[in-house]
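Residue numbers (my numbering), protein chains in the order written: chain S, 1 to 116; chain U, 1001 to 1117. Please read the structure below before turning to the comments.
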Amino acid sequence: DVKVTQSSRYLVKRTGEKVFLECVQDMDHENMFWYRQDPGLGLRLIYFSYDVKMKEKGDIPEGYSVSREKKERFSLILESASTNQTSMYLCASSSAFRDRGPTEAFFGQGTRLTVV
Amino acid sequence: AQKVTQAQTEISVVEKEDVTLDCVYETRDTTYYLFWYKQPPSGELVFLIRRNSFDEQNEISGRYSWNFQKSTSSFNFTITASQVVDSAVYFCALSENYGGSQGNLIFGKGTKLSVKP
């Protein structure tokens, strides 16, 4: 059974704290993604990575950074958490293109982060 | 610009009714891929279907069917004889096939489906 695992289901942090959200996949996927999900806004891409040590900004990278030191692990870092970063964070992974096109992404269970 | 629009924010039906979830997309590319995902109350997105822009054949999988029409840029999803377990948020997504995209998914805002017994 394919799996994307996020380290925490629920997290409460204080404003100004540095926060690490961890994601591990066991499918040997090249691509990994971090999305943020907010009511009425759907899923928005924060960062993605298509290889170890590679990263690309998504649509809303401000206030976030990422790290990918190993193929199976992709970390999202909130440098100084703020209340407007309270959200559901979803990690996903996918393999490299198939049939010359992008493949389906597999998602983790999500981390609901509350910043107080 | 790439964009996915799911105009229906919430839909409520009674069990055994058929229901169609609409998805309209915009893309600058001639080659692209469309997806549907289901997000049950547990929160994890579940992949339902992947379709490329060259394949306009409709697809049926059990009670689920998808209607892809390039002429109207739509990729609608129908659930036949809905069940309570179908209650979830459904997302339509678009991915373009050009260098640099690496399979990024552009999501619609989702349609929340409630199926009442």
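The C-beta atom is built at its ideal place from N, Cα and C for all residues, glycine as well. Since we're looking at a predicted model, the values are computed, not measured.
- For U/D1029, the secondary structure class from DSSP, reduced to helix, strand or coil, is coil.
- Excluding its 5 nearest sequence neighbours in each direction, S/T114 has C-beta neighbours in its own chain below 6 Å: V12, T86, listed in chain order.
- If you look at S/K53, you'll find it isn't in any beta strand (DSSP E); DSSP assigns it neither H nor E.
- Neighbours of U/R1050 in chain S, taken as residues at a C-beta separation under 8 Å, are given in chain order as T103, E104.
- In its chain, beyond the 5 residues on either side, V1004, F1091, A1093 have a beta carbon closer than 7 Å to the beta carbon of U/F1107.
- Between the region 49-59 of chain S and the region 9-29 of chain S there are fewer than three inter-stretch CB-CB distances shorter than 8 Å, so the stretches are not counted as touching.
- Taking a 10 Å sphere around the C-beta of S/I46, we find 16 or more other C-beta atoms and assign the residue as buried.
- Of the candidates S/K3, S/T83, S/G40, S/L76, the residue whose Cα lies closest to the Cα of S/S49 is S/L76.
- DSSP, reduced to helix, strand and coil, places U/T1072 within a helical segment of the structure shown.
- When the Cα atoms are used, U/Q1057 and U/F1068 turn out to be separated by approximately 7 Å.
- Counting of Cβ neighbours within 10 angstroms places U/I1060 among the exposed residues, the total staying below 16.
- For U/S1042, the number of other beta carbons within 10 angstroms of its own is below 16, and it is reported as exposed.
- U/I1011 sits close to U/T1111, with the two beta carbons spaced by under 9 Å.
- With respect to the C-alpha of S/E17, the residue from S/Q6, S/V66, S/E79 having the closest C-alpha is S/E79.
- Within the region 1016-1035 of chain U, contact with chain S at the beta-carbon level (separation under 9 Å) is assigned to T1031, Y1032, Y1033, F1035.
- Sorting U/L1048, U/Q1008, U/V1014 by C-alpha distance to the C-alpha of U/K1116 places U/V1014 at the top.
- The beta carbons of S/G101 and U/T1027 sit no closer together than 9 Å.
- Chain U places no beta carbon closer than 9 Å to that of S/Q25, leaving this residue out of the contacts.
- Between S/Q6 and S/G108, the C-beta gap is smaller than 9 Å, which places the two residues in contact.
- S/L41 places its beta carbon less than 9 Å from that of U/K1109.
- Look at the region 66-84 of chain S: it has no residue with a C-beta under 7 Å from a C-beta of chain U.
- When DSSP states are grouped into helix, strand and coil, U/V1084 belongs to the helix group.
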